[in-house]
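Comments concern the structure below.
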Amino acid sequence: MNLKDIIGETTDYDKKLALEVKKPKSWCKSVSAFANGVGGTLIFGVSNDNEVRGLLDAEKDAEIISEQIKTRLDLIPEFHLSFFRTEDDKTLILLNIRQGGKLRIIIWRMV
3 MNLKDIIGET TDYDKKLALE VKKPKSWCKS VSAFANGVGG TLIFGVSNDN EVRGLLDAEK
63 DAEIISEQIK TRLDLIPEFH LSFFRTEDDK TLILLNIRQG GKLRIIIWRM V
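Numbered per this note's numbering, the sequence shown spans residues 3 to 113.
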């Protein structure tokens, strides 16, 4: 897979520079939106202006992402986490969310 194929301004993708551990609502909303729509991919390690920065500890971030999805959404969407290593050895996380039932973020767990 070529990174240029997945980075772009479309409704199928969203980019996050880093995993916001203390603000999971910021990216859980994207997960919910993808599941409630046609699905999509959340890319961690890329800025909004498409600068590829990578993640410092992608494996730990992936564990946190999986745990947060399972505890913060009222219905758990079908998702797949994968790693993408760039040519200059930066690691990104690709969180693919499949289209699913109507999800909502459990707000009281976000505080």
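Just so you know, even glycine gets a beta-carbon here, dropped at the ideal spot from N, CA and C.
Source: prediction; values computed, not measured.
- Excluding its 5 nearest sequence neighbours in each direction, A64 has C-beta neighbours in its own chain below 8 angstroms: L83, F85, I95, listed in chain order.
- For S68, the enclosing alpha helix (DSSP H) covers residues 60–74.
- For K18, the enclosing beta strand (DSSP E) has its first and last residue at 15–18.
- Spanning the alpha carbons of W29 and I66 requires a straight line of approximately 12 angstroms.
- The shortest C-alpha to C-alpha distance from R87 to any of Q70, V48, E80 is the one to V48.
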